[in-house]
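**Q**
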Amino acid sequence: DAGVIQSPRHEVTEMGQEVTLRCKPISGHNSLFWYRQTMMRGLELLIYFNNNVPIDDSGMPEDRFSAKMPNASFSTLKIQPSEPRDSAVYFCASSTELINFQGYTFGSGTRLTVV
Amino acid sequence: AQSVTQLGSHVSVSEGALVLLRCNYSSSVPPYLFWYVQYPNQGLQLLLKYTSAATLVKGINGFEAEFKKSETSFHLTKPSAHMSDAAEYFCAVSDSSFQKLVFGTGTRLLVSP
Chain E
3 DAGVIQSPRH EVTEMGQEVT LRCKPISGHN SLFWYRQTMM RGLELLIYFN
53 NNVPIDDSGM PEDRFSAKMP NASFSTLKIQ PSEPRDSAVY FCASSTELIN
103 FQGYTFGSGT RLTVV
Chain F
3 AQSVTQLGSH VSVSEGALVL LRCNYSSSVP PYLFWYVQYP NQGLQLLLKY
53 TSAATLVKGI NGFEAEFKKS ETSFHLTKPS AHMSDAAEYF CAVSDSSFQK
103 LVFGTGTRLL VSP
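In order, the protein sequences belong to chains E and F.
Mapped onto the working numbering, the consecutive letters of the first sequence carry residue numbers 3 to 117.
Mapped onto the working numbering, the consecutive letters of the second sequence carry residue numbers 3 to 115.
1. Let me check one thing: in DSSP terms, what residues is A3(F) bridge-paired to?
2. Identify the residues that DSSP records as bridge partners of G44(E): which are they?
3. Does the CB of S96(F) have a neighbour CB from chain E at under 8 Å?
4. Just the Cα atoms here: how many angstroms apart are Q39(E) and L79(E)?
5. Do I81(E) and M2(E) come within 8 Å of each other at the CB atom, strictly closer than that value?
6. Near P83(E), what residues of its chain come up, given a Cβ to Cβ distance below 8 Å and the 5 sequence neighbours on each side ignored?
7. Do V104(F) and L35(F) have their CB atoms nearer than 8 Å?
8. For my contact list, M71(E) and F103(E) are in at a C-beta cut-off of 8 Å; report their separation, rounded to the angstrom.
9. Are the C-beta of N53(E) and some C-beta of chain F separated by less than 8 Å?
10. Check the Cβ of F76(E) against every Cβ in chain F and list those closer than 7 Å, keeping chain order.
11. G30(E) touches chain F at which residues, Cβ-Cβ below 9 Å?
12. Closer than 9 Å, Cβ to Cβ, to anything on chain E: give me those residues from the region 36–64 of chain F, in chain order.
13. Can you tell me which of the three DSSP states N73(E) falls into?
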């Protein structure tokens, strides 16, 4: 199993530009989570999906952030327009509770720098 | 609602010394509990988990944790620290739906020679 795959690993963009982060969960996992990690705020849950449906997006900071999961094997997190305060590491994680919840598997993250 | 408290944002030990990272939880249902480790510039990696089987759980790299219901604790220990253990450690508890984890704020372990 290749694990949770995130792309790109690093992204540097100018303020005001659109940024799209991508995630491929583990095959067979039916829940997907997007987290943001910064030194100041630590690990924050942005949104999570269950069976491709957004269940809780209360952590999405503002309307500039949006997330989609068009199918069970792909999700995107989009920031438009980006701002310097969005600079962080963004993690995707997946899990399944269908065979006894075993916790999450995290991707390696995308380090976003907005200049 | 479920919650996790990790005591100490930083813990420093000498190489070869005992490692003890503290985690206390609050849960309205019998919890599932997890420890994750994050090495620099990497994602979080599952270290060990308690899912209502044996109360003493062994994980990777010589770590173990004991579930103590009476103390609502799930402390992480390792008898002898190694330099490679330097990382950030997160404790987490499942929510009541067993679909989502609630993470603690993390403890950074520093290991000195």
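Built from N, CA and C at the ideal position, the CB exists for glycine as well.
**A** For this structure:
1. Secondary-structure assignment with DSSP links A3(F) through no beta bridge to anything.
2. T40(E)
3. yes
4. 14 Å
5. Within the shown structure, residues of chain E are numbered from 3 to 117, placing residue 2(E) beyond reach of any answer.
6. Excluding positions up to five away in sequence, the list reads M17, G18, Q19, E20 and R66.
7. no
8. Contact doesn't hold; Cβ gap of about 19 Å is too wide.
9. no
10. Those do not exist, as F76(E) stays about 18 Å from chain F at its closest Cβ, beyond 7 Å.
11. Neighbours of G30(E) on chain F: none; closest Cβ ~15 Å, over 9 Å.
12. F36, Y38, Q40, N43, Q44, G45, L46, Q47, L48, K51 and T53
13. strand
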